[in-house]
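A quick write-up on the structure given underneath.
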Amino acid sequence: MTEAQMLKVRGLRTTFRTRHGAIKAVDGVDLDIGYGECLGVVGESGSGKSVAFASIMGLVRPPGRIEAGSIMFEDRELTTLDPREMQRLRGKEIAMTFQDALTALNPAFTVGNQIAETIITHDKSDGSKRDRIRRARARAVEMMTLVGIPDASRRVNDYPHQFSGGMRQRIMIAIALACRPKLLIADEPTTALDVTIQAQVLDLIAEIRATLGMSVVIITHDLGVVAEHCHRVLVMYAGQVVETGPTENVVAEPRHPYTSGLLRSIPRLNDRNARILPIKGTVPEPINLPDECRFRPRCPMSADGCRVPIAMRKIGHDREARCIFAGDEP
Amino acid sequence: MQLRTLIERILQLIPVLLGISIIVFAMITLTPGDPVEIMLGDQISTPEQEAALRRDMGLDLPVHERFFRFLSNALVGDFGNSFFHRRPVSDLILERLPATIELTLVAMLIAIGTAVPLGVVAAVKKGTLIDRIATVASIFGVSLPGFWFGLLLIMLFAVHWHILPVAGRIGYDFEVPKVTYLLLIDTILAGRLDSFLDALGHLILPAVTLGLPMGAILMRVTRTSMLEVLDQDYIAFAAAKGLGRMRILIRHALTNALIPTVTVAALETGSLLGGNMIVETIFGWPGLGRLVVEAIFSRNYPIIQTAVLLYAVTYVLLNFAADIVYTLLNPRVKL
Chain A
1 MTEAQMLKVR GLRTTFRTRH GAIKAVDGVD LDIGYGECLG VVGESGSGKS
51 VAFASIMGLV RPPGRIEAGS IMFEDRELTT LDPREMQRLR GKEIAMTFQD
101 ALTALNPAFT VGNQIAETII THDKSDGSKR DRIRRARARA VEMMTLVGIP
151 DASRRVNDYP HQFSGGMRQR IMIAIALACR PKLLIADEPT TALDVTIQAQ
201 VLDLIAEIRA TLGMSVVIIT HDLGVVAEHC HRVLVMYAGQ VVETGPTENV
251 VAEPRHPYTS GLLRSIPRLN DRNARILPIK GTVPEPINLP DECRFRPRCP
301 MSADGCRVPI AMRKIGHDRE ARCIFAGDEP
Chain B
331 MQLRTLIERI LQLIPVLLGI SIIVFAMITL TPGDPVEIML GDQISTPEQE
381 AALRRDMGLD LPVHERFFRF LSNALVGDFG NSFFHRRPVS DLILERLPAT
431 IELTLVAMLI AIGTAVPLGV VAAVKKGTLI DRIATVASIF GVSLPGFWFG
481 LLLIMLFAVH WHILPVAGRI GYDFEVPKVT YLLLIDTILA GRLDSFLDAL
531 GHLILPAVTL GLPMGAILMR VTRTSMLEVL DQDYIAFAAA KGLGRMRILI
581 RHALTNALIP TVTVAALETG SLLGGNMIVE TIFGWPGLGR LVVEAIFSRN
631 YPIIQTAVLL YAVTYVLLNF AADIVYTLLN PRVKL
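In the order they appear, the protein sequences are chains A and B. Numbering follows my numbering, in which position 304 of the first sequence is assigned residue number 304; successive positions increment by one, without gaps. Numbering follows my numbering, in which position 321 of the second sequence is assigned residue number 651; successive positions increment by one, without gaps.
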């Protein structure tokens with residue numbers, strides 16, 4: 001890809017040192033996010049997708065540690081950025097929403113308070129404290145209206161538990177967007193929601209992305225969500241990227257058996273005969289992974305050639321997959 | 331919180347308090363030992379004299395009449411006369427109460443003031459030396475009996491090093507005008523630094539002794555709930571918002587971690603009342619606790635009755651206050 005990237009991650013490795021050994025949660029991840037782009041990151045629980053983006057946010061908690069790699073956000077290298085600079089960047093330039101808004105919002109404060117808090121924290125303008133608080137409160141109501149919460153000026157004083165699940169998700173999005181970030185990382189934005197609400201929240205994110213012109217990462221285990229909303233997709237397995245490319249191509253013609261497996265396990269409404277085929281087995285224990293294709297034990301196509309570390313192979317100009325059967329040259 | 335529910339809650343306290351007074355009265359009545367006999371002691375008396383004394387103290391009436399007389403008098407603040415002092419019980423207790431309130435308040439402040447910050451630090455620095463020291467200290471604090479710890483402090487600070495006085499509330503040469511009856515405040519109001527320091531010196535050992543177990547338990551509770559809260563999503567989300575570490579710890583974590591701490595603090599403050607009796611006895615503190623201990627030894631029913639009732643009412647009110655603070659901290663809970 002030649003156009004300017006907003007975020008460029010190379011060889012990211014995040015490891016959790018535990019008593020039982022080192023857990024390589026993220027093991028050599030490369031990824032790019034362009035301006036205005038929506039990237040979908042897919043994978044089962046434990047695939048390292050959340051840890052990868054926590055690393056980008058600088059929010060990996062001990063015993064986790066970024067061991068290697070580079071994270072370039074525009075012209076700044078985040079892995080070596082001063083912690084105070086990093087703090088200023090969080091919430092202001094890169095914002096994040098969590099899976100479950102009920103647990104991510106502080107139960108002790110009103111939602112208006114929590115939205116305004118972000119705004120005040122990043123408001124470096126002059127003016128009296130009182131002025132800034134008043135402005136932040138007004139902006140909180142504005143943000144709540146923007147994310148589609150009816151009667152925002154009254155509800156701004158309600159507590160998180162007084163909202164429904166979908167409304168809470170919207171509030172979390174309002175908090176994340178309050179400072180107009182350049183990049184929004186939405187970690188499982190729909191998992192905790194009813195199906196009908198899921199669509200609303202995803203549409204909202206798409207709409208705001210278009211209005212504010214920001215880039216969005218949707219982390220999910222649901223390829224269906226990605227297919228509908230993301231320009232590009234990144235499939236992760238056991239701490240590695242196994243396939244990446246434009247969503248429509250990857251969905252139409254997956255080149256990694258894991259991606260194919262994920263696609264087959266999506267229920268389809270339009271085909272009566274299609275059966276849901278689960279991927280057999282589970283994600284391997286991330287401790288002491290063997291030096292071979294990590295999907296090999298579960299792969300229907302595994303061959304002798306899979307018993308060595310597999311590198312990403314290019315497919316055309318915009319796709320890659322980590323499989324010996326992928327690639328232009330067999 | 332609505333005024334209506336608040337009033338309802340206050341009204342609910344009435345049956346509780348009535349129940350307490352019945353239990354208190356029953357316990358006293360059923361306790362073996364005849365006050366008249368104890369009072370007369372070795373003196374030779376005629377049955378007529380004994381009967382007169384009994385009638386005089388109201389002990390000849392049937393039980394239920396004695397109870398209702400006790401209750402209706404109590405409502406107007408008349409708790410009868412002390413069998414021995416021959417003075418109204420209310421006077422005796424009011425005389426002693428400020429000393430106990432002062433001691434309890436300072437013990438509470440010491441306990442909360444050290445326990446909460448220490449608990450927070452121990453949780454944040456979990457597994458480090460500070461955490462281990464705090465944990466060991468809290469085990470000592472809970473397990474050391476007050477009478478032993480108090481004596482130890484007296485031996486070290488008063489007897490051995492002569493830094494602090496052995497007992498009492500203030501030196502004999504200090505005369506402080508009584509305004510609030512709390513010496514620390516009265517000495518300041520009088521503008522007398524020397525008497526303030528003397529009063530503080532007298533207060534510090536008993537307050538530490540009294541506050542130690544409460545502080546130890548509060549430290550544990552704060553540490554545990556803080557650890558739990560720090561693991562919550564909303565702490566990670568607060569960090570993702572770009573908030574500073576102190577703001578996250580104090581505002582986002584501690585506010586939630588204090589919820590269990592407040593409940594335990596209220597219960598523990600109640601148990602300070604019991605601790606008072608021991609501590610006041612050891613340190614010769616002229617408070618209610620010592621009055622009660624003396625009264626128990628001499629079967630001085632009116633004083634015991636009133637004091638126990640007072641303890642119970644305080645306990646109930648403390649819990650009520652804890653409930654209110656609890657709802658303020660935790661908007662999910664309604665009264």
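Don't be surprised by glycine CBs; every beta carbon is placed ideally from N, CA and C. Remember, it's a predicted structure, so these values are computed and weren't measured experimentally.
- Between the alpha carbons of residue 585 of chain B and residue 490 of chain B lies a gap of roughly 43 Å.
- About 5 Å separates the beta carbon of residue 219 of chain A from that of residue 187 of chain A, a gap short enough to meet the 8 Å contact definition.
- Residue 632 of chain B does not reach chain A, its nearest Cβ partner there being about 47 Å away, counting only Cβ pairs nearer than 9 Å.
- When A:66, A:59, A:57 are compared, the shortest CA-CA separation from residue 13 of chain A is found for A:66.
- The C-beta of residue 562 of chain B comes closer than 8 Å to at least one C-beta of chain A.
- The C-beta of residue 305 of chain A has fewer than 16 other C-beta atoms within 10 Å across all chains shown, which makes the residue exposed.
- Counting only residues of its own chain and dropping the five nearest sequence neighbours on each side, residue 37 of chain A has a CB closer than 6 Å to the CB of 215, 231.
- Short of 6 Å from the beta carbon of residue 258 of chain A, and not among the five residues preceding or following it, lie these beta carbons of its own chain, in chain order: 237, 242, 295.
- Cβ proximity to chain A below 9 Å picks out nothing from the stretch 433 to 458 of chain B.
- Going by DSSP, residue 243 of chain A is part of the beta strand (DSSP E) stretching over 240 to 246.
- For a cut-off of 8 Å, the C-beta gap from residue 143 of chain A to residue 178 of chain A is around 5 Å, short enough to register as a contact.
- Short of 7 Å from the beta carbon of residue 63 of chain A, and not among the five residues preceding or following it, lie these beta carbons of its own chain, in chain order: 16, 17, 18.
- DSSP places residue 13 of chain A in the uninterrupted beta strand (DSSP E) bounded by 5 to 18.
- Bounds of the beta strand (DSSP E) holding residue 70 of chain A are 64 to 73.
- Under the Cβ criterion of 8 Å, residue 510 of chain B is not counted among the residues facing chain A.
- Along the stretch 582 to 601 of chain B, going in chain order, the ones with a CB nearer than 7 Å to a CB of chain A are 582, 585, 586.
- For residue 653 of chain B and residue 234 of chain A, the gap between their C-alpha atoms comes out near 51 Å.
- Listed by position along chain B, the residues whose Cβ is nearer than 9 Å to that of residue 113 of chain A form an empty set, because the closest Cβ is around 10 Å away.
- Proximity to residue 541 of chain B across B:600, B:392, B:525, B:505 peaks at B:600, based on C-alpha coordinates.
- For the pair residue 102 of chain A and residue 352 of chain B, the Cα-to-Cα distance works out to about 47 Å.
- With respect to chain B, the C-beta atom of residue 108 of chain A has a partner C-beta closer than 8 Å.
- Counting only Cβ-Cβ distances below 9 Å, residue 59 of chain A has contacts in chain B at 566, 569, 570, in chain order.
- Residue 180 of chain A is classed as exposed because its beta carbon has fewer than 16 other beta carbons within 10 Å across all chains shown.
- Bridge pairing for residue 624 of chain B: absent [DSSP].
- Just measuring C-alpha positions, the residue of A:116, A:125, A:126, A:145 sitting nearest residue 133 of chain A is A:116.
- Legend: CB atoms of the stretch 460 to 482 of chain B lying less than 9 Å from CB atoms of chain A are not found in any residue.
- When A:5, A:59, A:45, A:11 are compared, the shortest CA-CA separation from residue 39 of chain A is found for A:5.
- DSSP, reduced to helix, strand and coil, places residue 594 of chain B within a helical segment of the structure shown.
- Where residue 31 of chain A is concerned, there is no enclosing alpha helix (DSSP H), although the beta strand (DSSP E) around it starts and stops at 21 to 34.
- Taking the beta carbon of residue 574 of chain B as reference, the chain A residues within 7 Å of it are 87, listed in sequence order.
- Proximity of residue 343 of chain B to chain A, defined by a Cβ-Cβ separation below 8 Å, is not satisfied.
- As computed with DSSP, residue 323 of chain A is found in no beta bridge at all.
- Assigned with DSSP and collapsed to three states, residue 658 of chain B falls in helix.
- DSSP places residue 614 of chain B in the coil class of the three-state scheme, outside both helix and strand.
- Per DSSP, the beta-bridge partners of residue 219 of chain A are A:41, A:187.
- As for any alpha helix (DSSP H) of minimum length 4 sitting wholly inside the stretch 451 to 502 of chain B, the runs are 459 to 473, 476 to 483, ordered along the chain.
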